[in-house]
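Chemist:
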Amino acid sequence: MAKHYSHFLRVSRKETGSLIRLALPICGAQLAQAGMSVADVMMTGRVSATDLAAVSVGSSLWLPLMLFMTGTLMGLTPIVAQLLGAGATERIRPSVHQALWVALGLGVTAACLLWFTVPPIFRLMEVPPEVARQSMAYLSALAFGMPGIALFQALRAFSDGMNHTRPTLWISLVGLGVNIPSNYLLIYGGDGLTALFGNWLPTWIQALPALGAWGCGIATALSMWVMCLTMMLYSRHSRAYGSVSLWHSATPPRWKLVSELLYVGMPIGVAIFVEVTLFSLISLFIASLGEVTVGAHQVALNYTSILFMLPLSLSMALTIRVGNTIGQGRLSHARLVAWNGVMISLLAALCNSTLLWFTAESVMTLYTHDIAVQRLALSLVLLAMLYQVSDSLQINLAGALRGYKDTRVIMLITLFSYWAIGLGGGHWLGTRGLPGWVEPLGVHGYWIGLIAGLTAAALLLGARLIYHANATIQTKA
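Residue 571 in my numbering sits at position 335 of the sequence shown, with consecutive numbering throughout.
#1: With a cut-off of 8 Å on the beta carbons, I'd call residue 247 and residue 576 a contact; round off their distance for me.
#2: If the criterion is Cβ atoms closer than 8 Å, does the pair residue 374 and residue 283 meet it?
#3: Let's see if you can read the secondary structure: which residues bound the alpha helix (DSSP H) around residue 393?
#4: So is residue 491 buried or exposed if we call it buried at 16+ other beta carbons inside 10 Å?
#5: So residue 262 and residue 552 are supposed to be a Cβ contact under 8 Å. How far apart are they, rounded?
#6: For residue 573, name the three-state secondary structure that DSSP assigns.
#7: Using CA coordinates, which residue listed in 538, 441, 563, 334 is at the minimum distance from residue 390?
#8: CA-CA distance, residue 330 and residue 398?
#9: Apart from the five residues on each side of it in sequence, which residues of its chain come closer than 6 Å, Cβ to Cβ, to residue 308?
#10: Once the 5 residues before and after residue 393 are set aside, which same chain residues still bring their CB inside 6 Å of it?
#11: Give the secondary structure of residue 674 by DSSP, where H, G and I count as helix, E and B as strand, and everything else as coil.
#12: Tell me the rounded alpha-carbon separation between residue 453 and residue 423.
#13: Excluding sequence positions up to five away, which residues of its chain have a Cβ less than 7 Å from the Cβ of residue 342?
#14: List in chain order: all unbroken alpha helix (DSSP H) runs of 4+ residues lying wholly within the region 283-363.
#15: Give me the Cα-Cα distance between residue 700 and residue 663, rounded to the nearest whole angstrom.
#16: Within its chain, find whatever has a CB closer than 6 Å to the CB of residue 625; leave out the 5 residues flanking it on each side and keep chain order.
#17: For residue 593, which three-state DSSP category applies?
#18: Between residue 544 and residue 592, what straight-line distance do the alpha-carbon atoms span, to the nearest angstrom?
#19: Would you kindly work out how many angstroms separate the C-alpha atoms of residue 629 and residue 440, rounded to a whole number?
#20: Any idea if residue 610 is buried or exposed, counting beta-carbon neighbours within 10 angstroms, 16 or more meaning buried?
#21: In its own chain, which residues sit with a C-beta less than 7 Å from the C-beta of residue 418, not counting the 5 before and 5 after it?
#22: Output the boundary residues of the alpha helix (DSSP H) element that contains residue 630.
#23: Among residues of its own chain, excluding the 5 on either side of residue 344, which ones have a beta-carbon nearer than 7 Å to its beta-carbon?
#24: Between residue 533 and residue 679, which are expected to be in contact by the criterion C-beta below 8 Å, what is the C-beta distance as a whole number of angstroms?
#25: When you compare the region 689-703 with the region 643-662, are there three or more beta-carbon pairs, one atom per stretch, that lie closer than 8 Å?
#26: Could you tell me if residue 473 is buried or exposed, where buried requires 16 or more neighbouring beta carbons within 10 angstroms of its beta carbon?
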């Protein structure tokens, strides 16, 4: 027993450094990309409530589409990681080219959905006419960027799989650097530039029209294509990818490689989509509980979502490390790598919970001056301290399983845990409570259901990792 423990400690000391070096740039990139959405909301909010509503409603449609594409293309990361670990670098380029074909198809499909299906959705949702008009303008412009962001995500998955995560950070910062000034110019027009720089600007600049929500969509699409083209240029000229000459010659679509990518990646995309819709549906259900409840829910959720970036980044890095180790044929070592990553994620969750404990009250005052909203949000943050642990564990257990290319079971566990237990149980507790025992708990019931769903996911994914890692070792033996 002591021998096994000593061996695990040696593995942990070595692997923890590698995991964190991969995860920190990923975390920075996630925050930079989230910053683009924050900038869109904040800058349109200064124009009018209608523009803000248009962008907010539009974001609820295009963000799930983008996350589904991102999840599907994430299937490339364990494929590349395993090929790299096995030394089969000559097989990486064709696999990446298939991902680019898939990305192009997904991006064009997403753009068409935004162009042609939004009007009937808005009519069904009874969105106010002026909000619907501006939101459709916002989405029609942003749709041009969907192929670009899809291609960027495919190249990002390739780079991550090659253990090269820093380019995503720097290029995401470039995208943010393009997004903010483009937003300012296109949303506020000449009046905004005059207010910022003064009346000395040329007349034609001062006469530039303020495009509002439509300008925000154009700026977002522009930043998406800038990120895509910058990633293309970097992957073409950088020596960091060794002998993988990605742009040497094109590989036509190959159904076998495309099907492998979809087999691994599609369940990831569905799982991410399910998670996004879980939070969207909870927000929809609590809308009838009043402005204070809705505001407190959004504030608490927004703050805890920022902290979730660290466990999410560790999960993506763990997929890479497990994939590399499996590609090397070191299956017993891969099991240790996986569980070490899970232990690191538990420490990250405890750090997040500690941070919430000490900062929640002061942070709530930054979000709102409404005392009632602050108090309710603080009570939800106390529950969030509990789900930090289960959420961090489940996402990193899923990350380890993705390194094994075991993604379909993750999808099934996610569907059951999030919707049946998380949403179903939360809705029951929120609206009915426990008859004879507990009165309806309102928004707290939904958050307790969320904790239950995430905990169930962590337990089931943990059992799956134990089974799958052991079965992989026994099969080789």
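Cβ coordinates follow ideal geometry from the N, Cα and C atoms, glycine included.
Modeler: In terms of the structure at hand:
#1: 6 Å
#2: No, these two residues do not count as a Cβ contact at 8 Å.
#3: 382-397
#4: exposed
#5: 5 Å
#6: helix
#7: Nearest of 538, 441, 563, 334 to residue 390, Cα basis: 334.
#8: 15 Å
#9: 501, 502, 505
#10: In chain order, 309, 310, 312, 313 place their CB closer than 6 Å to the CB of residue 393, counting only its own chain and leaving out the 5 sequence neighbours on each side.
#11: strand
#12: 9 Å
#13: In chain order, 305, 308, 386 place their CB closer than 7 Å to the CB of residue 342, counting only its own chain and leaving out the 5 sequence neighbours on each side.
#14: Qualifying alpha helix (DSSP H) stretches, in chain order: 285-309, 312-321, 328-352, 354-361.
#15: Approximately 28 Å between the Cα atoms of the pair.
#16: 585
#17: Residue 593 carries a helical assignment under DSSP once its states are collapsed to helix, strand and coil.
#18: 12 Å
#19: 56 Å
#20: Buried is the call here.
#21: Shown here for residue 418: same chain residues with a beta carbon closer than 7 Å to its own, the five before and five after excluded, namely 455, 458, 459 in chain order.
#22: For residue 630, the enclosing alpha helix (DSSP H) begins and ends at 607-639.
#23: 383
#24: 6 Å
#25: Cβ pair count under 8 Å is three or more, so yes.
#26: exposed
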